[in-house]
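So the protein lines, in turn, are chains A and B. Everything in the first sequence is counted per our numbering, starting at 1296 for the first residue and increasing by one. Everything in the second sequence is counted per our numbering, starting at 3 for the first residue and increasing by one. Glycine included, each C-beta is placed from N, C-alpha and C at the ideal position. Only a predicted model underlies this, so the values are computations on that prediction, with no experimental measurement involved. What follows is a short report on a single structure.
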Amino acid sequence: MNCLLCEQKLASSPSWQLLLAIENTSLICEDCSKSFERVDIKEEDDVVDQVTSIYTYNEPMREYLHQFKFLQDVALAGVFANELRTELARKDDIIVPIPMHPQKKIERTFAHVEEMLTAARIPFEDLLIKKNTEVMGEKTREERLAMRNLFSIKPGSDVKNKTYILIDDIYTTGTTLRHAATVLKEAGAERVEAVTLIRAER
Amino acid sequence: MTKPFNPAIRDFLDGRIWLRMHTPFPCEEIDALLDAGDIQVIKGIESKPSFLNQKRHLCNRCENEDSTRFTTFNCAKCEGPCTYCRQCLKMGRVSSCTELIIWKGEKPEYPTNHTIAWQGTLTPHQQKASDELIESQNKRASHLIYAVCGSGKTEILFPPIHKLLTEGKRVCIAAPRVDVILELEPRLRAAFPDTKIEALYGGAKPTMEASQLVLATTHQLYRFRHAFDAVFVDEADAFPYKADATLQKAVQKAVKPGSPVHYVTATPSDKLLSEMKKTGFVSIINRRYHGHPLPVPKFIPLWNYEKQIRKGKLPQKLIDWTENRLARKEPFLIFFHHIGLMEEAEPLFQLIDPRIRSVHASHPERKEHVQALRNKELPGLLTTTILERGITIPNVQVAVVGAEQQIFDKGALIQIGGRVGRSADYPTGEFILFHNGITYAMDEAKAEIDKLNKGGVRT
C-alpha cells in the first residue's frame, strides 16, 4: 500500500484500534499527514449556531483539494476519515452534507462531501437541494451576500425540532452555510451547527 | 468524397491518444470527423472479469494494469460502478465512462528539408558511435549508446536525428527528468533551426503544429501512441523511468510498431545492457571528449555523521573540506541522501559561509540557486540526488555525505562523480565519498571507474 498523496510506501504499525476497526488504516504517510496544519476553531455566526473547522487552508491542503475535486481523485475521500469521525462522534444530531447541483454532480461524477462522509462511515441525511449551478469560489464577497437562497428542502423530507450539523469541505465567507442553515431553521430545525474540513481566510 | 476539415486537428491528434472532452478544438468539428471515420473512439478503461468476481483493468492511455492503481466508485455520470486510473490521473482522469480518441485519417506529411547548424566536429569515438547508431536505425533495431559522463552524448545523436528528419520521419527524444529536457531544448533548437520542435513536460503548453521533433519527459509519452519512427531515451537509468514499468511501456507504445527505441546513458543497468546485447546493438565510449580520465572516488570515513548533524554539530572533516574549497575558490556540491538531514545541516554550513544554500526537487528557488552557483554568486550548494546528472559546472568539486546510503547505488555514484572535471580547462577535481561504512555499491562504482579509465568496459 502506498501513500495516496506522495506514493511513498506506507509503514503500517498494527494497533488495537485498527484491529477493532475503531480507526481506519491511514491512507497517507506520516510526512503528508504532518504537512496539514490543524486550526480546530469554533466560530459563532448569527444564523449558524457554531462552525467548527479542522484544518487551515495551507499549500498541501490546497493541493489535496485540487486533486480530490478537480482531478476527480475519489480515492482521496477517505484521507480525513478518522479526523471527521472524531469530530462528529456525537449522539443523535443529524448530519447533513452540503449538496452539489445535480448537473454539477454529473460533471464531477461524484459529490465530494457525501463521498467523504461515506468513506468515514458516518451516516447522513440528504435533506437539501442545491437550486443553481453558481460556483462560490468565482464570486466576490458582495456578490455572495446579495444572492438569493441557494438551497431548498428536499420534497417529502421531515425536518425535526433537533440539532442539525452541516458538513462542507471549506468555510470561507460562510454564505453557503448560512443559506443552508436558514432553510433548515425555517423548516423547523432547533439548532444548526456546521463542521468544515478547512477554514480559509478571505 | 471527403469533406474538408481543419488540418490542425489532424496535426494535433496524429500519434496522440487524447481525452475526447479535452481537445483544444470545437466539439462539432471532432464529432464530424468521428462520423467520417477519421477519428476513432476508444474506451478509457478496459475491464475484464477475473477470478473470484474480481475484475482486471487496463488503462487504455497509460496501459497501466496494476490493480492497486485503480479506484472504483459509484459514478454519477454513468450511474454505476466506474473505475479510473490513478497512474495517469494528473493528465486528466481516465475512467470507464471516459472516451479517448485517436486519429485514423490520412497522415500528415513532414518536410524533408532540414539544416543542421551545429558547427562542432565529433571525436573519432563519437563518430563511430554515431555511425553505428545510424546503421541500427536502418535495420530498425534498438541501439544503446553506453558512454561515460562528459563524453558528449547529445552530439552523437545529431547525425542520426538529422538523417531521420530529412527522410520525413518523426522523432522523439525522451528523458525521465524535466531538467534534462529543459537543457536539451535550446541545444536542439540551435542545432536544427528549420525543424518544428516541441518540448513537452508537466506545465508546458502543447503547440498546435505538427512537430516533427518532440522532446518530452517520459511521462508525457502516456499521451502518444504509434507516433514516432524512433524514440531516443536519454538517461535511461534515471528515476522514475527505471523503476516504473508503465513509463517503459509508454515509450514502447509511443513508437510505431516495428520502429526502434534507442537508449543513451553513462550507467546502464545490467538488465538493459544484457537485453541490448541480445536484441540490439551497443556502442561504448569509455573516454571523455577531452581525453582525460574520470575522477576516481576517495573514501573518507565520517563516523556517526547523522547523529552529529542532528545534534547541531558538523563533523570536523566536513568543515575542513568545505573551508578548503572556499579558500581555493572552487565551486562545490555536497550531496545528501535525505532532505531533512540536509536542511538541518544547512545552517551549520552557513556558519562557515553564509552564502551556502541547499536545493531539492520541490525547492522554490532550485533553478535560481543552480544558476547562482554557475555565476559564482554562491560558493557551493547542498543538494539531494536531484543534481546527480545533467549539470555541468566548470571546476566543480563534489562530496557525498553518507555515501553508504541505499539511494547512492552504483549508477548514482558514477553519475555524481561524472559532474567533476567535465570541462577541458579543469579536467580533474575532488570526488569524495564521506561514509559510515563502505558498501558494495561504493566498491563497484570505484571498480567500474578504474576499469573505464584503463580502457576496459563492463560486459
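Is there a Cβ of chain A sitting closer than 8 Å to that of K369(B), yes or no? no
I'd like to know if the region 1483 to 1492 of chain A and the region 80 to 95 of chain B are in contact, where contact means that at least 3 CB-CB pairs between them fall below 8 Å. no
Going residue by residue through the region 344 to 403 of chain B, where are the continuous beta strand (DSSP E) segments of at least 3 residues, counting only ones entirely within it? 359 to 361, 382 to 385, 399 to 403
In chain order, which beta strand (DSSP E) runs of at least 3 residues are fully inside the region 114 to 182 of chain B? 145 to 149, 173 to 177
Hey, does V1408(A) have any beta-carbon neighbour from chain B nearer than 8 Å? no
Determine whether the Cβ of A77(B) lies closer than 8 Å to any Cβ atom of chain A. It should be pointed out that residue 77(B) corresponds to Cys in this sequence rather than to Ala. Yes, C77(B) counts as interfacial toward chain A.
Is R88(B) close to chain A, meaning its C-beta is less than 8 Å from at least one C-beta of that chain? yes
Indicate the three-state DSSP secondary structure (helix, strand or coil) for L1322(A) in the structure shown. coil
Just confirm the distance between the C-beta atoms of Q89(B) and C61(B), as a whole number of angstroms; I'd bet it's less than 8 Å. 6 Å
Expressed to the nearest angstrom, what Euclidean distance is found between the alpha-carbon atoms of T1354(A) and G1469(A)? The sequence given here has Glu at residue 1354(A), not Thr. Near 21 Å, if we compare the C-alpha coordinates of G1469(A) and E1354(A).
Can F337(B) be considered in contact with the ligand NAP, in the sense that its beta carbon sits closer than 7 Å to one or more heavy atoms? Within the structure as shown, the ligand NAP is missing, as the structure has no ligands at all.
Work out the CA separation of Y265(B) and D445(B) for me, nearest whole Å. 26 Å
Could you give the uninterrupted runs of the alpha helix (DSSP H) lying entirely in the region 188 to 259 of chain B, keeping only those of 4 residues or more? 247 to 256
Work out the CA separation of A192(B) and R172(B) for me, nearest whole Å. 18 Å
Can you pull the chain B neighbours of Q1367(A), defined as C-beta to C-beta under 7 Å? R95
Would you list the residues sitting across from T1351(A) in a DSSP beta bridge? R1494(A)
Exposure label - S1447(A); buried when at least 16 CB within 10 Å: exposed
Quick one: give me the first and last residue of the alpha helix (DSSP H) that T267(B) is part of. First-last for T267(B): 263 to 267, but that is the beta strand (DSSP E), not the alpha helix (DSSP H).
C29(B) lies in the alpha helix (DSSP H); which residues open and close that run? 29 to 38
Answer yes or no: does any C-beta atom of chain A fall closer than 8 Å to that of A92(B)? Going by the sequence as given, residue 92(B) is Lys instead of Ala. Judged by the 8 Å Cβ criterion, K92(B) is in contact with chain A.
Closest to P295(B) by CA distance: which of H127(B), N455(B), T73(B), T114(B) is it? N455(B)
R142(B) beta carbon less than 8 Å from that of G17(B): no
Per-residue burial, Y1350(A) [other beta carbons within 10 Å of its own, 16 or more giving buried]: buried
Kindly say whether I1424(A), judged by its beta-carbon, lies nearer than 8 Å to any beta-carbon of chain B. no
Answer yes or no: do A176(B) and V233(B) have a C-beta to C-beta separation smaller than 8 Å? yes
Under 8 Å from the C-beta of I1401(A): neighbouring residues of chain B: A78, K79
Specify the secondary structure class of G1432(A) as computed by DSSP and reduced to three states. helix
Go to R1443(A), then tell me how far its beta strand (DSSP E) extends in each direction, as first and last residue. Note, R1443(A): premise wrong, no beta strand (DSSP E); not H, not E.
Could you tell me which residues DSSP pairs with H437(B) in its beta bridges? P303(B)
So that I know if they touch, is there some Cβ in chain B lying closer than 8 Å to that of F1405(A)? yes
If we ignore side chains and look at the alpha-carbon of each, how far apart do A1306(A) and L223(B) end up? 32 Å
Check for me: the beta strand (DSSP E) holding V1334(A) runs from which residue to which? 1333 to 1338
Which residue wins for smallest C-alpha separation from I1393(A), given the options K1399(A), V1342(A), E1438(A), A1475(A)? A1475(A)
Return the residue from the list G293(B), F160(B), I440(B) that minimises the CA-CA distance to I302(B). I440(B)
Where do the N-terminal and C-terminal ends of the beta strand (DSSP E) with D1464(A) fall, by residue? 1458 to 1466
Note down, in chain order, every chain A residue with its Cβ under 7 Å from the Cβ of T73(B). V1369, A1370
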